[in-house]
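S.K.: My questions will all concern the structure given below.
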Amino acid sequence: MKIRLIVWLAITVLTSLVEGQFEYFTDDPPDDYFKRKSLDDCPIRFYWDMDKFNVHYAFGGVRAVRGEFQHMAAIGWNNSGSIKYLCGGSLITSKFVLTAAHCVADGEGKPPVTVRLGDTNLNSTEDVQFSQQAKSDHSWNFPTTK
């Protein structure tokens, strides 16, 4: 019981120390984003681009809506003048994306060139105003083993 209390207290203190130091998303949502007009407005505001048959793209999955997973990152490589997104990751601080080890290079050994956050459809440019893209600086931190 004492250990749980100490861990909880440490997390609370550390959280209060770093709170407000990082600004994760600098773009604000539209003014009426959080205002519900009626129960019928959800499909208009959040599911406007859903296909009529609700086809799932992953087994047992449901299409993500704009703004639902803003911490998710698409990691991209140059591919004949365009960007090809081959890996994903998670934004863990304002400067770092956590990803799998095999995502540090593509099949040709080239490092990724860009990270895209907040985009739920990488095949469309309709929602680009709601996403952020940053150049990758290839800061890979590998653990040391002995």
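If you count by mature numbering (1 follows the signal peptide of the UniProt record, and there is no 0), then the sequence shown holds residues -20 to -1, 1 to 126, one letter each, in order.
Here a beta-carbon is modelled for each residue, glycine too, at the ideal position from N, C-alpha and C.
#1: Since Ile63 is in the beta strand (DSSP E), which residue starts that stretch and which ends it?
#2: From which residue to which residue does the beta strand (DSSP E) around Arg46 run?
#3: Quick check: what's the CA-CA separation for Val(-14) versus Ser62?
#4: Can you give me the Cβ contacts of Val77 inside the same chain, cut-off strictly under 6 Å, excluding the 5 residues immediately before and after it?
#5: Go ahead and pull the three-state DSSP assignment for Thr(-9).
#6: With distances taken between CB atoms, is the gap from Ile55 to Pro91 smaller than 7 Å?
#7: Applying the criterion that 16 or more other CB atoms from any shown protein chain within 10 Å of the CB defines a buried residue, is Thr100 buried or exposed?
#8: For Ala80, does the three-state DSSP call read helix, strand or coil?
#9: Taking DSSP's pairing of strands, which residues face Lys115 in a bridge?
#10: List the residues that DSSP assigns as beta-bridge partners of Ala85.
M.R.: Short version:
#1: Ser62 to Leu71
#2: It is not in any beta strand (DSSP E) - Arg46 carries neither H nor E in the DSSP assignment.
#3: 47 Å
#4: Ala53, Gly69, Leu71 and Val95
#5: helix
#6: no
#7: buried
#8: coil
#9: Thr94
#10: The partner list for Ala85 (beta bridge, DSSP) is empty, contrary to what the question assumes.
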